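Read the structure below first, then the notes.
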Amino acid sequence: MKENTCAACDCELDSTRIAVKIGGKTVEVCCEECAEALREAEVATRSAQATNK
Ligand SMILES: [Zn+2]
3 MKENTCAACD CELDSTRIAV KIGGKTVEVC CEECAEALRE AEVATRSAQA
53 TNK
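Here our numbering runs 2 ahead of the position in the sequence shown, where the first position is 1.
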């Protein structure tokens, strides 16, 4: 896994990269939209796990 690509859309990161904390890990994304997408995905994952218990 490359470190210089967006965690959400896989495009290359530049100086506008944003660090997002997801489940205790910090990942970097290219824009606020991708950050929001990752946060929503994490919330969905968490509620799915809570429902399964
Ligand atoms: Zn992105």
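The beta-carbon is built from N, C-alpha and C at its ideal position, and this holds for glycine as well.
Predicted model only: the values in this text are computed from it and were never measured.
Of the choices Thr53, Val45, Ser17, whose alpha-carbon is the least far from that of Lys23? Looking up residue 23 in the sequence shown gives position 21. Among Thr53, Val45, Ser17, the Cα nearest to that of Lys23 belongs to Val45.
Relative to the C-alpha of Asp25, which candidate in Cys13, Glu34, Cys11, Glu42 has its C-alpha closest? Numbered from 1 along the sequence shown, position 23 holds the residue referred to as residue 25. Residue 25 is actually Gly in this sequence, not Asp. Looking at the Cα atoms, Glu42 is the closest of the given residues.
In the DSSP output, which residue or residues are listed as bridge partners for Val31? Taking the first residue of the sequence shown as 1, we reach residue 31 at position 29. Answer is Ile20, bridged to Val31.
Contact test: Glu5 Cβ vs ligand 1 heavy atom, cutoff 8 Å: Indexing the sequence shown from 1 puts residue 5 at position 3. Result no, Cβ not under 8 Å from ligand 1.
Can you name, in chain order, every residue of its own chain whose Cβ lies under 7 Å from the Cβ of Ala39, other than the five neighbours on each side? On the sequence shown, residue 39 is found 37 positions in, with the first residue counted as 1. Answer for Ala39: Ala10, listed in chain order.
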